[in-house]
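Protein sequence lines correspond, in order, to chains V and B.
One point on numbering: in my numbering, the residue at position 30 of the first sequence is 38, and numbering is uninterrupted.
One point on numbering: in my numbering, the residue at position 65 of the second sequence is 73, and numbering is uninterrupted.
Have a look at the structure below, then the notes.
Protein chains: 2
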Amino acid sequence: MSVSGAGEGLPAPGPVTFGDRLAAALAARESQIVLGIDPDPARLWPSPLGRTSEARAALAQALADAHESARILAAAPGDAQAAHPTDGGRTTAPGGAPELDPPAIEAAAAVLGHSLALIDAAAPACVAAKPQLACFERLGFAGALALEAVCARARAAGLLVLADGKRGDVPVTAAAYAQALTGNTPSPFGPIPGLGVDALTANPLLGRDALAPLVEGARAAGAGVFALVRTSNPGAADLMDLPLATGEPLWERLAALVAELGRPGRAGLDDVGAVTGATAPEHLERMRELMPRTPFLLPGVGAQGGDVATLAPAFAPGRAAGLVTASRSIAHAHEQAGGDPAQAARSEAERLRELAWGLA
Amino acid sequence: MSVSGAGEGLPAPGPVTFGDRLAAALAARESQIVLGIDPDPARLWPSPLGRTSEARAALAQALADAHESARILAAAPGDAQAAHPTDGGRTTAPGGAPELDPPAIEAAAAVLGHSLALIDAAAPACVAAKPQLACFERLGFAGALALEAVCARARAAGLLVLADGKRGDVPVTAAAYAQALTGNTPSPFGPIPGLGVDALTANPLLGRDALAPLVEGARAAGAGVFALVRTSNPGAADLMDLPLATGEPLWERLAALVAELGRPGRAGLDDVGAVTGATAPEHLERMRELMPRTPFLLPGVGAQGGDVATLAPAFAPGRAAGLVTASRSIAHAHEQAGGDPAQAARSEAERLRELAWGLA
Numbered sequence: 009m010s011v012s013g014a015g016e017g018l019p020a021p022g023p024v025t026f027g028d029r030l031a032a033a034l035a036a037r038e039s040q041i042v043l044g045i046d047p048d049p050a051r052l053w054p055s056p057l058g059r060t061s062e063a064r065a066a067l068a069q070a071l072a073d074a075h076e077s078a079r080i081l082a083a084a085p086g087d088a089q090a091a092h093p094t095d096g097g098r099t100t101a102p103g104g105a106p107e108l109d110p111p112a113i114e115a116a117a118a119v120l121g122h123s124l125a126l127i128d129a130a131a132p133a134c135v136a137a138k139p140q141l142a143c144f145e146r147l148g149f150a151g152a153l154a155l156e157a158v159c160a161r162a163r164a165a166g167l168l169v170l171a172d173g174k175r176g177d178v179p180v181t182a183a184a185y186a187q188a189l190t191g192n193t194p195s196p197f198g199p200i201p202g203l204g205v206d207a208l209t210a211n212p213l214l215g216r217d218a219l220a221p222l223v224e225g226a227r228a229a230g231a232g233v234f235a236l237v238r239t240s241n242p243g244a245a246d247l248m249d250l251p252l253a254t255g256e257p258l259w260e261r262l263a264a265l266v267a268e269l270g271r272p273g274r275a276g277l278d279d280v281g282a283v284t285g286a287t288a289p290e291h292l293e294r295m296r297e298l299m300p301r302t303p304f305l306l307p308g309v310g311a312q313g314g315d316v317a318t319l320a321p322a323f324a325p326g327r328a329a330g331l332v333t334a335s336r337s338i339a340h341a342h343e344q345a346g347g348d349p350a351q352a353a354r355s356e357a358e359r360l361r362e363l364a365w366g367l368a
Numbered sequence: 009m010s011v012s013g014a015g016e017g018l019p020a021p022g023p024v025t026f027g028d029r030l031a032a033a034l035a036a037r038e039s040q041i042v043l044g045i046d047p048d049p050a051r052l053w054p055s056p057l058g059r060t061s062e063a064r065a066a067l068a069q070a071l072a073d074a075h076e077s078a079r080i081l082a083a084a085p086g087d088a089q090a091a092h093p094t095d096g097g098r099t100t101a102p103g104g105a106p107e108l109d110p111p112a113i114e115a116a117a118a119v120l121g122h123s124l125a126l127i128d129a130a131a132p133a134c135v136a137a138k139p140q141l142a143c144f145e146r147l148g149f150a151g152a153l154a155l156e157a158v159c160a161r162a163r164a165a166g167l168l169v170l171a172d173g174k175r176g177d178v179p180v181t182a183a184a185y186a187q188a189l190t191g192n193t194p195s196p197f198g199p200i201p202g203l204g205v206d207a208l209t210a211n212p213l214l215g216r217d218a219l220a221p222l223v224e225g226a227r228a229a230g231a232g233v234f235a236l237v238r239t240s241n242p243g244a245a246d247l248m249d250l251p252l253a254t255g256e257p258l259w260e261r262l263a264a265l266v267a268e269l270g271r272p273g274r275a276g277l278d279d280v281g282a283v284t285g286a287t288a289p290e291h292l293e294r295m296r297e298l299m300p301r302t303p304f305l306l307p308g309v310g311a312q313g314g315d316v317a318t319l320a321p322a323f324a325p326g327r328a329a330g331l332v333t334a335s336r337s338i339a340h341a342h343e344q345a346g347g348d349p350a351q352a353a354r355s356e357a358e359r360l361r362e363l364a365w366g367l368a
């Protein structure tokens, strides 16, 4: 681990920081690859869980039961009333909540099976898993349960878990997102545990006071935050590249905010990272100048058109300072390479691992 | 409904637009008040569902069953294997997924009961409900189910539903959020229905191509998008107020993007709205200039310190052009006013309704 500098010679901080945990994980796994988990129900690996599994049938039944109970509760104002009450002058339809469509349960189970198989296949070549929250949210509450199981399996496979949701809101709501992702929520029934991820992605548009609860919540759990600095989509230029009155583009101000919010651990790596689009490699040197101790999360390799060999400047302070994300290029490797999806995914993840490891 | 202008004289568009639906809802309910639903498990109304309800017990049991089934699936690589397999050289712990904490189920049921009672109490004075997604996400998958039931109850009470999640991501992921919130997700099992809300809040930092899937997805469903232009937190000044090289502050560029993306309906109101912080009323006139047909979502009244009387410029083109959000000031009205929480909430919502209606 060659990241060093600011942290050396300082007294050891009390809790272990995300920067230190990241550096240790990287050294142990010899990989900078972050496995993106963006399951598309229309492009899943062939029936990885099987539709005959007992646990799978039990899951479907329990989800349907839960939905029906919630439907009855939502339909009945007050406590323990009939399932189909009328409701004064309001327009409460009988039943209130809609029926749970069987496709939602089938698809959530299939997405869960696919995601678990993908983790099993690619984890040995990776340092972290990055579930894309949108891909689970679109499956409703069954998808939220699948997400919890995916995070648990990734942890069990020795991976750090990065929740990719690009969250950001006013301070009181940002604090709720921190509780959801890295903390817990106090309640009269006891604390409600959050998803317990090791890091999350955040949108910094709302400013310092809106990022602070995410950073502080993560820090208290030894977790980290990756804030958007410059994303990899073409439209990122619309706003993030806008020149400010002071001369620099907006993304340089975002970079300064990230550098200011981060705190280094003993390994010299900050606990606030930056999402830095790999499709704009000409920016990477300037970003490193502005954020000397910041872990970069580099998307855009593979499906988004980036090229891993252009990323070398990101790794200048050490390998742990540059994480390389790949999602569809791993999960869909068999569509190019042919053969077994799991084998193809493992090979592609290993290929990317070697490529990136060789650059630093 | 006095909003008019650009839409007049045009042929009727095929599907009904969000702007038209908003105008119609406003006229029917004579209210501009958006009921924010931001439940805090530590500040709920006293046991609105009761802990003895049969449906509530069934819900808790089904949620626990679903979690246990998912735990078994997550622990078992492959199909229908034993619940506690070993897993080659990896560190899969027996059980894989964590146990579901009873507090999560208790709290989700209590939050659901509180939210349903809040809707029942305040809906008659409101035009829309705005669930804060973070407050449900922090309750895990049980919270996601509660959110679905809350949306269903709000619809049944005649309210539009605005999902407040400030979503924003690269185009492929933005499309997944659109599926989650206003569309559906194709799958081999059939389309998976999304949350089916009438509008959502979005973060525009990633630019036009990242907003487009949210706008197009919403438009196809007759729904709308409210993009952040200037939020109400103090830190909003850090970035949104930054002067650009071209002279104007960044938020004016965000406003221009909103105006460009919106399409007017017959009532003259666009289907892309703007989140415009009520704590900066001096900006409202300029915002209206830049976004003449845009519905404004005005947060900051009540708990965030805004004052409804300063909002008049927002309503200049007509009442439907200015929606007034209130969350904690309604849900916690009894903490100031005393008495029954539902009565206090209803009175406060009605007070705000009359105040705003009188300004236009």
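All C-beta atoms in this analysis are idealised placements derived from N, C-alpha and C, irrespective of residue type, glycine included.
Computed from a prediction, not measured in an experiment: that's the story for all the values here.
Using a Cβ-Cβ distance cut-off of 7 Å, determine whether Gly-276 of chain B contacts chain V. no
Who are the near neighbours of Ala-353 of chain B in its chain, counting only those whose CB is closer than 8 Å to its CB and skipping five residues on each side? Leu-126, Ala-129, Ala-130, Ile-338, Ala-339, Ala-341, His-342
Self-check item: Span of the beta strand (DSSP E), counted from its first residue to its last, around Leu-167 of chain B
Solution: First-last for Leu-167 of chain B: undefined, no H or E at that position.
To which residues of the same chain is Val-266 of chain B closer than 7 Å at the C-beta, ignoring the five residues directly before and after it?
Ala-235, Val-237, Val-280, Ala-282, Met-299, Thr-302
request  = Using alpha carbons as the reference points, say which of V:Pro-132, V:Ala-328, V:Gly-173 lies closest to Ala-164 of chain V.
outcome  = V:Pro-132
Report task. State buried or exposed for Thr-209 of chain B, treating a residue as buried only when at least 16 other CB atoms are found within 10 Å of its CB. Result -> buried
At least one CB of chain V closer than 7 Å to the CB of Thr-239 of chain B: is that the case?
yes
Coil, strand or helix - Ala-136 of chain B by DSSP
strand
Please decide whether Arg-146 of chain V counts as near chain B, where near means a Cβ-Cβ distance under 7 Å. yes
(message) By the three-class DSSP mapping on this structure, what secondary structure does Val-332 of chain B have?
(response) strand
Inset, instruction - Pick helix, strand or coil for Leu-203 of chain B, following the three-state DSSP scheme. - result: coil
Could you spell out the range, first to last residue, of the beta strand (DSSP E) harbouring Gly-281 of chain V?
-> 280–284
Item to check | Within chain V, the residues that Arg-261 of chain B reaches when beta carbons sit closer than 9 Å | outcome: Asp-246, Leu-247, Leu-250
Q.
Please state whether the Cβ-Cβ distance between Pro-111 of chain V and Phe-197 of chain B is less than 7 Å.
A. yes
Discussion item. Pop quiz: Lys-138 of chain B and Gly-44 of chain B are said to be a contact at Cβ under 8 Å. What is the actual Cβ separation, rounded to whole angstroms?
Written reply: 5 Å
Could you name the residues of the same chain whose beta carbon sits closer than 8 Å to that of Trp-365 of chain B, not counting the 5 residues immediately before and after it, in chain order? Glu-38, Ser-39, Gln-40, Arg-327
Are any of the Cβ atoms in chain V nearer than 7 Å to that of Ala-90 of chain B? For Ala-90 of chain B, the pLDDT reaches just 34, beneath the cut-off of 50, and the residue's location in the model is therefore unreliable, although a value from the coordinates is still provided. No, Ala-90 of chain B does not count as interfacial toward chain V.
* To do: Report yes or no: do three or more beta-carbon pairs, one from the stretch 248–256 of chain B and one from the stretch 248–255 of chain V, lie closer than 8 Å?
  => yes
(request) Say whether chain A places a C-beta atom closer than 7 Å to the C-beta of Gly-243 of chain B. (result) You won't find chain A in this structure, because its protein chains are V and B.
From the beta carbon of Gly-44 of chain V, is the nearest beta carbon of chain B less than 7 Å away?
no
* Asked: Using the beta-carbon of each residue, which ones in chain B are nearer than 7 Å to Cys-143 of chain V?
  -> Ala-184
Check whether the stretch 183–199 of chain B touches the stretch 220–231 of chain B, counting contact only when three or more Cβ pairs, one atom from each stretch, lie closer than 8 Å. yes
Assuming Arg-29 of chain V and Asp-206 of chain V form a contact by the criterion Cβ under 8 Å, report the distance between their Cβ atoms to the nearest whole angstrom. 7 Å
What does a CB cutoff of less than 8 Å around Cys-134 of chain B pick up in its chain, not counting 5 residues either side in sequence? Arg-37, Ser-39, Ile-41, Val-42, Leu-43, Leu-167, Ala-357, Arg-361
query: To which residues of the same chain is Asp-46 of chain V closer than 6 Å at the C-beta, ignoring the five residues directly before and after it?
result: Gln-140, Cys-143, Ser-335
Check whether chain V comes within 7 Å of Val-332 of chain B, counting only Cβ atoms and requiring the distance to be less than that.
no
Next item on the list: Report the residue from V:Glu-260, V:Val-119, V:Ala-324 whose alpha carbon sits nearest the alpha carbon of Leu-268 of chain V.
Entry: According to the sequence as given, residue 268 of chain V is Glu; it is not Leu. If we check each option's Cα against that of Glu-268 of chain V, V:Glu-260 comes out closest.
Can you name the residues of chain B whose CB is closer than 7 Å to the CB of Thr-318 of chain V?
Result: empty, since nearest Cβ-Cβ is about 19 Å, beyond 7 Å.
Exercise. Since Ser-355 of chain V meets chain B, which of its residues come closer than 7 Å, beta carbon to beta carbon?
Worked result: Near Ser-355 of chain V there are no residues of chain B at all, since even the closest Cβ is about 17 Å away, more than 7 Å.
Checking the sheet assignment: what are the DSSP bridge partners for Ala-235 of chain B? B:Ala-210, B:Ala-282
*In angstroms with no decimal places, state the Cα-to-Cα distance between Gly-346 of chain V and Ala-50 of chain V.*
18 Å
ask   = Within 10 angstroms of its Cβ, does Glu-114 of chain B collect 16 or more other Cβ (buried), or is it exposed?
value = buried
| task | Mind listing the chain B neighbours of Lys-174 of chain V? Cutoff is C-beta to C-beta under 7 Å, in chain order. | result | Gly-176, Asp-177
Whole angstroms are fine: how far does the CA of Phe-304 of chain B sit from the CA of His-291 of chain B?
12 Å
Beta-carbon separation of Thr-284 of chain V and Leu-214 of chain B under 7 Å? no
Tell me whether the beta-carbon of Gly-27 of chain B lies closer than 7 Å to the beta-carbon of Gly-273 of chain B. yes
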